[in-house]
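Residue numbers (the working numbering): 85 to 758.
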């Protein structure tokens with residue numbers, strides 16, 4: 085048991101000498117191994133260290149690049165902000181660059197503070213950030229931009245000054261020499277900025293501009309000869325040396341063109357003025373009964389439109405509705421021609437506001453009283469249009485409001501409402517017809533002669549009047565209004581004539597269409613002369629044997645205001661035999677003959693010496709104060725007129741020239757139809 089117990093071993097074990105030496109060698113070996121291990125570790129760590137150093141250098145380089153880019157971007161912004169300042173051109177180049185550098189440096193310092201850079205590293209980074217090529221380019225560009233801005237500013241100033249001087253030269257072309265001297269002085273002020281070469285080049289460019297301004301100034305004043313003298317060195321100042329050949333030729337061509345344009349403009353203005361004077365005279369003559377205007381005569385129609393558009397229309401726009409309606413109706417009823425503007429107004433009235441529809445309806449009624457049938461014949465109005473205007477006027481006169489009158493009329497006057505028209509047609513059969521005597525009574529109230537309806541015309545007259553009565557009642561459903569309308573229509577188509585002898589009633593009497601004054605005896609003489617020429621019989625032998633008659637062709641032509649008539653010749657047995665010719669009075673010929681007679685009579689009483697610029701007068705008074713058209717003001721259209729009636733043989737101005745009287749009572753009547 086005891087032999088199995090471990091025994092203590094002494095720490096001081098004696099080793100043999102050779103064994104101790106071996107231990108030393110082992111220790112050296114260990115030491116050497118450790119050294120080798122350290123060297124190996126160092127060799128292994130070296131790449132790691134180098135990589136770390138490269139990373140640190142890359143970070144520093146990246147930070148530097150970021151700093152440089154940040155500074156460069158701000159430098160560009162600084163360039164843009166400084167160069168766009170309103171006072172940039174007033175800064176000196178040094179001031180602009182100093183401001184730019186200060187801005188960039190402040191940004192660099194702020195960034196370095198943020199990064200915590202100090203000492204040599206800070207100085208290095210600062211130098212690198214401030215001296216990049218982009219910043220240097222921005223600094224240089226700012227200087228260049230400042231110099232250009234100064235030049236541009238000076239050029240703008242000089243351009244403005246040059247324009248001011250040019251305007252003065254244009255207004256006072258005789259002061260060209262003073263303008264050129266002022267131009268030199270003005271440019272000399274900016275010699276330091278522009279330099280001598282630029283100044284001289286600019287003056288060489290500016291001198292022709294001043295010369296051209298003077299030329300245009302002379303032209304504007306109508307002094308074409310002075311403009312040519314200047315360009316030919318015949319004036320007080322020699323200018324051709326400052327102009328190129330092309331410049332001088334162009335200016336001379338401009339003078340020629342301007343002179344021709346002025347001549348043409350003056351001619352055009354004179355023609356326009358003459359047209360207005362002639363139109364004024366024509367209108368006055370029409371109102372005085374010295375001439376009859378024809379809607380189909382282009383010259384007459386153009387004159388009416390010219391006068392209306394330029395004289396009557398503008399005044400109508402300033403009038404009250406009532407005055408406007410009265411004046412317009414008196415004008416149209418007086419000249420017997422409807423201006424184009426008025427035709428348009430009538431055509432479009434049904435689409436206009438109620439007030440304008442009512443005004444147009446009142447106008448139509450007034451014109452129909454002054455010139456019966458004119459609007460139907462020349463403005464295209466029909467029975468429906470006349471019915472509408474009549475109902476609107478009737479309802480307003482009865483006290484209804486304008487809007488209600490227009491609305492009710494549009495409902496009642498509707499030819500497309502077949503049921504309503506049928507009912508009215510049936511109701512009309514119970515209404516008493518209009519008799520010839522009733523028509524005659526109506527004629528007595530509107531004509532200055534006692535109407536007498538021959539027995540052979542009774543049936544024809546009653547057929548006409550009741551046909552209109554029926555059609556109008558179907559349109560309106562108003563018996564009284566339709567009856568009155570039918571009677572009025574008869575006074576348009578029936579009347580008294582003396583053209584073929586004693587007064588008698590007939591349809592479409594020629595006096596209603598061709599009379600130009602109150603004396604219509606010329607129609608009888610003209611009828612006999614025309615039939616004499618056609619038949620070869622002596623005019624004296626034809627007295628009391630020639631008669632005229634209306635037929636269907638007369639009725640159709642009357643709608644155009646130019647009816648012709650069948651001619652009947654009483655034979656030896658007393659029978660009326662139609663001859664193969666239709667006849668219509670020639671009022672233009674009659675008016676011309678009448679005016680010629682008046683001129684001939686005037687020759688025996690007036691002074692034969694030529695008269696110049698004699699105002700158009702009536703019995704010594706301005707024509708404009710005697711011819712009344714509603715509220716229309718003639719102004720000075722007569723007294724300032726250069727148009728004068730002249731003796732057709734001698735060419736002398738007729739003095740005085742009172743041709744605006746009442747037909748044959750006028751002393752002079754110029755030939756306005758030619």
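Note that the Cβ used here is the ideal one computed from N, Cα and C, for glycine as well.
Exposure label - residue i; buried when at least 16 CB within 10 Å
| i | result |
| --- | --- |
| residue 253 | buried |
| residue 642 | buried |
| residue 281 | exposed |
| residue 182 | exposed |
| residue 300 | buried |
| residue 174 | exposed |
| residue 474 | buried |
| residue 395 | buried |
| residue 421 | buried |
| residue 143 | exposed |
| residue 457 | buried |
| residue 247 | exposed |
| residue 155 | buried |
| residue 382 | exposed |
| residue 681 | exposed |
| residue 351 | exposed |
| residue 501 | exposed |
| residue 114 | exposed |
| residue 215 | exposed |
First and last residue of the uninterrupted alpha helix (DSSP H) at residue i
| i | result |
| --- | --- |
| residue 391 | 382–391 |
| residue 640 | 636–642 |
| residue 587 | Unbroken run through residue 587: none, as it is neither H nor E. |
| residue 416 | 405–419 |
| residue 274 | Premise fails: residue 274 is in no alpha helix (DSSP H) and is neither H nor E. |
| residue 399 | 397–401 |
| residue 228 | 217–255 |
| residue 604 | Per DSSP, residue 604 belongs to no alpha helix (DSSP H) and is neither H nor E. |
| residue 428 | 424–432 |
| residue 559 | 539–560 |
| residue 646 | Careful: residue 646 lies outside any alpha helix (DSSP H) and carries neither H nor E. |
| residue 502 | 502–512 |
| residue 181 | 177–199 |
| residue 212 | 203–214 |
Element boundaries [beta strand (DSSP E), containing residue i]
| i | result |
| --- | --- |
| residue 581 | 578–581 |
Neighbourhood of residue i by C-beta, 6 Å cutoff - its chain only, sequence neighbours within 5 removed
| i | result |
| --- | --- |
| residue 158 | 191 |
| residue 414 | 713 and 714 |
| residue 604 | 595 |
| residue 549 | 518, 523, 570 and 574 |
| residue 378 | 384 |
| residue 147 | none |
Cutoff 8 Å; reference residue i; Cβ partners in own chain excluding five residues on either side
| i | result |
| --- | --- |
| residue 538 | 588 and 589 |
| residue 519 | 546 |
| residue 439 | 405 and 486 |
| residue 638 | 591, 592, 647, 648, 649 and 650 |
| residue 490 | 438, 441, 442 and 476 |
| residue 201 | 209 |
Under the three-state DSSP convention, the category residue i falls into
| i | result |
| --- | --- |
| residue 662 | strand |
| residue 652 | strand |
| residue 169 | coil |
| residue 307 | coil |
| residue 632 | strand |
Cβ shell of residue i (< 7 Å), same chain only, five flanking positions each side left out
| i | result |
| --- | --- |
| residue 563 | 515 and 557 |
| residue 332 | 315 and 324 |
| residue 389 | 423 and 424 |
| residue 264 | 291 and 294 |
| residue 634 | 590, 591, 592 and 649 |
| residue 257 | 298, 301 and 302 |
| residue 610 | 669, 670 and 674 |
| residue 327 | 292 and 295 |
7 Å Cβ cutoff, residue i in contact with chain B
| i | result |
| --- | --- |
| residue 597 | Chain labels in this structure do not include chain B; a single protein chain is all it has. |
Quiz item: Which runs of the beta strand (DSSP E) fall wholly inside the segment 331–368 and span at least 3 residues, in chain order?
Solution: Entirely contained in the segment 331–368, not one beta strand (DSSP E) run reaches 3 residues.
Self-check item: Contained alpha helix (DSSP H) runs [length at least 4] in the segment 425–499, N- to C-terminal order
Solution: Runs of the alpha helix (DSSP H) inside the segment 425–499: 438–454, 458–462, 467–481 and 486–496.
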